[in-house]
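S.K.: Sharing a structure below in structure tokens format, with a few things to ask.
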Amino acid sequence: MSAPTILDITPAPIDLNQLQAAITTDADGAVVLFTGTVRGVSRGATGSNITTKLEYEAYREMALAKLGQVADEMRAKFELIHGIALVQRTGEMQVGEPTVAVAVSAGHRGDGAFEAARYGIDRLKQIVPVWKKEWKPDGSSWIEGDYTPEPKDVPAKGLPARAQ
Amino acid sequence: MKIKLFATLKERAKAGEIAIDMSGAMSVGTLREAVAQQFPALAPLMQQTLVAVNQEFAFNEDTVQPGDEVALFPPVSGG
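Structure, rendered in structure tokens:
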């Protein structure tokens, strides 16, 4: 069965309804949709931090290839899921705007769609070359991730993704 | 050899692309050292910098050939 797979790195606003429709087939009874949004207030031990906007930059060609790898891994780990959408927006985004969307369709809600969506966003944040710059009232700075890829994160080199 | 830069590295180098002198194939580890030497502004970042060759993560023991697409960038922070 060929299930829809939508992968995109785009400066355009993410249309969540369109995305859901695009990955839903006649065989689907469940769609899980995750979106990350720009958080304006981050509460921590030392008080609240204000974010005014985020700016995203991508290495687009590689990012698209890595989104494909994430989708492949999702299908290998969660065999009952059908459609997958992985969309990362780039450019400037204001508080409350969706920055990323991960959507998964399946025949039934128990077919792994929730787990696959969780895996998809976690994995995207590890291996897809995209970076965010945070703008605060007193300046801006690039955020750096905390994951260092290893040979096992390269399908052709390390263990196959399905064996991880 | 041309090298693409992203995020912090691009900002530090004030360029989205740099070029280093390269006579033949070299290891990714040697490439890191060459960038650090030829672009002192990037040297403090090279330890934690990720390297991609032909749009795939590459590691110090891997080989870079003339003509490969090479990119340097910090650990990713999308989502």
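Here the protein sequences line up with chains A and B, keeping their order.
Going by our numbering, the residue at position 59 of the first sequence is 63; the numbering climbs one at a time, nothing skipped.
Going by our numbering, the residue at position 2 of the second sequence is 30; the numbering climbs one at a time, nothing skipped.
No residue lacks a Cβ here, since even glycine has one placed at the ideal position from N, Cα and C.
Every value quoted in this text rests on a predicted model; they were computed, and no experiment measured them.
For A/Pro155, which option in B/Val63, B/Asn88 and B/Phe101 has the closest C-alpha, if you only look at C-alpha atoms?
M.R.: Among B/Val63, B/Asn88 and B/Phe101, the Cα nearest to that of A/Pro155 belongs to B/Asn88.
S.K.: Establish whether the CB of A/Ile125 and some CB of chain B are separated by less than 9 Å.
M.R.: Chain B, which has a Cβ nearer than 9 Å to the Cβ of A/Ile125, makes this yes.
S.K.: Taking only the alpha-carbon atoms, compute the straight-line gap between B/Ala86 and B/Val79 and give it to the nearest angstrom.
M.R.: Their backbone Cα atoms lie some 6 Å apart in a straight line.
S.K.: Assuming A/Gly87 and A/Asp32 make a contact with CB atoms under 8 Å, what is their CB distance in whole Å?
M.R.: Contact flag correct, Cβ pair sits at about 7 Å.
S.K.: Taking C-beta pairs closer than 9 Å, name the residues in chain B that A/Thr103 reaches, listed in chain order.
M.R.: What A/Thr103 touches in chain B: Gly106 and Gly107.
S.K.: Can you pull the chain A neighbours of B/Ala35, defined as C-beta to C-beta under 7 Å?
M.R.: Here the neighbours are Glu61, Trp135 and Trp146.
S.K.: With distances taken from CA atoms, which of A/Glu59, A/Val106, A/Val104 and A/Gln73 is nearest A/Val158?
M.R.: Closest by alpha carbon: A/Gln73.
S.K.: Is A/Thr55 closer than 9 Å to A/Val36 when the C-beta atoms are compared?
M.R.: No, these two residues do not count as a Cβ contact at 9 Å.
S.K.: Exposed or buried, what is B/Leu100 when buried is set at 16 or more other beta-carbons lying within 10 Å of its beta-carbon?
M.R.: Buried, by the Cβ-count rule.
S.K.: Please list the terminal residues of the continuous alpha helix (DSSP H) segment that includes A/Leu84.
M.R.: Here A/Leu84 belongs to no alpha helix (DSSP H), and DSSP marks it neither H nor E.
S.K.: Can you give me, in chain order, the residues of the region 79-104 of chain B that have a beta carbon less than 7 Å from any beta carbon in chain A?
M.R.: Going along the region 79-104 of chain B in chain order, one finds Ala80, Gln83, Glu84, Phe85, Phe87, Ala99, Phe101, Pro102, Pro103 and Val104 with a Cβ nearer than 7 Å to chain A.
S.K.: What span of residues does the alpha helix (DSSP H) with A/Tyr63 cover, start to end?
M.R.: It is not in any alpha helix (DSSP H) - A/Tyr63 carries neither H nor E in the DSSP assignment.
S.K.: Exposed or buried, A/Gly51, counting other C-beta atoms within 10 Å across all chains shown (16 or more means buried)?
M.R.: Looking at its Cβ environment, which holds fewer than 16 other Cβ atoms inside 10 Å, A/Gly51 is exposed.
S.K.: Under a three-way DSSP split, which group does A/Met97 fall into?
M.R.: Strand, per DSSP.
S.K.: Kindly indicate the opening and closing residues of the alpha helix (DSSP H) around A/Asn53.
M.R.: First-last for A/Asn53: Gly51 to Ile54, but that is the beta strand (DSSP E), not the alpha helix (DSSP H).
S.K.: Does B/Thr58 come out as helix, strand or coil in the three-state DSSP assignment?
M.R.: Here B/Thr58 sits in helix by DSSP.
S.K.: Would B/Gln66 count as contacting chain A if we go by Cβ distances under 9 Å?
M.R.: Not an interface residue.
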